[in-house]
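Under the numbering used here, the first residue of the sequence shown carries the number 333, and numbering increases by one thereafter.
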Amino acid sequence: MNKIIKYVMLLGLSCFMLGCNEDSLDTYTGKDSIYYTWSVEGVYLGTSRTYPDSTGFTFAFKGPEITQEVYKLPVSVQGQVTDYDREISVVLDASSTAIKGVHFDLPETIVFKANQEKDSIPITLYRTEEMKDNSYSIKLNLVEGKDFVVDMKEVVLDEATGETLSFTKFELAVEDILRTPKNWYYYFLGDFSAKKLFLINEVMGIPLDFYDQDPRDYDAMRFHGSFMQRYLNEKRAAGEAIYEDDGTEMVMGPSVQK
Numbered sequence: 333m334n335k336i337i338k339y340v341m342l343l344g345l346s347c348f349m350l351g352c353n354e355d356s357l358d359t360y361t362g363k364d365s366i367y368y369t370w371s372v373e374g375v376y377l378g379t380s381r382t383y384p385d386s387t388g389f390t391f392a393f394k395g396p397e398i399t400q401e402v403y404k405l406p407v408s409v410q411g412q413v414t415d416y417d418r419e420i421s422v423v424l425d426a427s428s429t430a431i432k433g434v435h436f437d438l439p440e441t442i443v444f445k446a447n448q449e450k451d452s453i454p455i456t457l458y459r460t461e462e463m464k465d466n467s468y469s470i471k472l473n474l475v476e477g478k479d480f481v482v483d484m485k486e487v488v489l490d491e492a493t494g495e496t497l498s499f500t501k502f503e504l505a506v507e508d509i510l511r512t513p514k515n516w517y518y519y520f521l522g523d524f525s526a527k528k529l530f531l532i533n534e535v536m537g538i539p540l541d542f543y544d545q546d547p548r549d550y551d552a553m554r555f556h557g558s559f560m561q562r563y564l565n566e567k568r569a570a571g572e573a574i575y576e577d578d579g580t581e582m583v584m585g586p587s588v589q590k
């Protein structure tokens, strides 16, 4: 039911955005409104489309030589495309746990480039030792500035719980903790473990972040699962069975067993 309510609200929002008549467009002289793209247009996670106002990033799939990464957070404009650059104004929410200059940085001036309906806020993330045990939140609020207003605020998704979806507030959680990748497919790859992920990387050369990327590639994962199961079978036959850290023998998913 919540998904239906969310869909209806987002459909209504889209109608509002597209429903300006020709006369109002002709006479429009105010500032354009800026908002976070994903919360309105959605983004695919695996095979599902979701409308997030928060997400996470982990350094755990990056090699130890990677000490920083630029994360680009998409923004869009409701209004006119201009032939000149404009400035995006954001403030760090006081409830953020990440510290600017320690865990992340932002450009001194955040530019929305000319002749574009969409752009992004580049957030430089710094890999720190404490991220191996803790997640740090960066909450960025879009605010009115010299070039944009923030007319689109939020919608209530659930009256009973008070759950809302914000178009101008976004939370990015950054950490260095290895969790199950979002596109890890159990039936081909089996239960996730860090040891298995690093073994796949070592044996097949698959990038550590492959299973955390969109879109989900089922054909590739079927091949990975089958190849690795043959490898594990060969190691067992040679008297060199590979075990997980809990002592159980490592196996791939049920769909690649023979």
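The beta carbon of each residue, even a glycine, is placed where N, CA and C say it ideally should be.
Item	Value
Helix, strand or coil: which one does DSSP assign to D465?	coil
Return the CA-CA distance between Q410 and I455, expressed in angstroms with no decimal places.	23 Å
So, with DSSP's three-state summary, where would you put F499?	coil
Could you give the DSSP three-state label for E507: helix, strand or coil?	strand
In terms of DSSP beta bridges, what is S408 paired with?	Y367, K450
Under three-state DSSP, which class holds Q561?	helix
Let's test the definition: count the other Cβ atoms within 10 Å of the Cβ of S371 and tell me whether it reaches 16, buried, or not, exposed.	buried
Can you grab the Cα-Cα spacing for the pair V434 / E461, in whole Å?	11 Å
In terms of DSSP beta bridges, what is D490 paired with?	E495
What whole-angstrom Cβ distance do K363 and F542 have, given they're in contact under 8 Å?	Incorrect: roughly 42 Å between the Cβ atoms, too far for contact.
Per DSSP, what kind of secondary structure is I420 in: helix, strand or coil?	strand
How many angstroms separate the CA atom of V588 from the CA atom of M553?	10 Å
Could you tell me the distance, in whole angstroms, from the CA atom of S307 to the CA atom of E572?	A query on residue 307 cannot be resolved here, the shown segment of the chain reaching from 333 to 590 and no further.
Figure out for me which residue from T512, P513, S421, L564 has the closest Cα to the Cα of V535.	L564
Give the straight-line distance between the Cα atoms of S469 and L438, rounded to the nearest whole angstrom.	14 Å
So, I398 versus M463, is the Cβ gap smaller than 9 Å?	no
Starting from the Cα of Y383, find the closest Cα among F389, G374, T390, F391 and give me that residue.	G374
Alpha carbon to alpha carbon, what distance is there between T414 and V555?	Sequence inspection shows Phe at residue 555; the Val mentioned does not correspond to that position. C-alpha separation (whole angstroms): 47 Å.
Taking E440 as the reference, which of F393, N533, V422 has the closest Cα?	V422
Can you tell me which of E507, S365, R548 puts its alpha carbon nearest to the alpha carbon of R459?	E507
Going by DSSP, name the residue or residues bridged to D551.	In DSSP, D551 forms no bridge with anything.
Please state if the CB of D425 and the CB of L472 are separated by a distance shorter than 9 Å.	yes
How about E495: is its C-beta nearer than 9 Å to some C-beta of chain D?	Protein chains in the displayed structure number just one, and chain D is not present.
Per the DSSP calculation, S525 is bridged to which residue(s)?	DSSP, once it has assigned bridges, lists no residue as partnering S525.
Just verifying my parser: in three-state terms, what is the DSSP assignment at N533?	helix
Cutting at 7 Å between CB atoms, please list the residues of its own chain near Y360, excluding the five before and the five after it.	Only weak support is given to the placement of Y360: the predicted model assigns it a pLDDT of 46, under 50, and the value that follows is read from those uncertain coordinates. Nothing meets the Cβ criterion.
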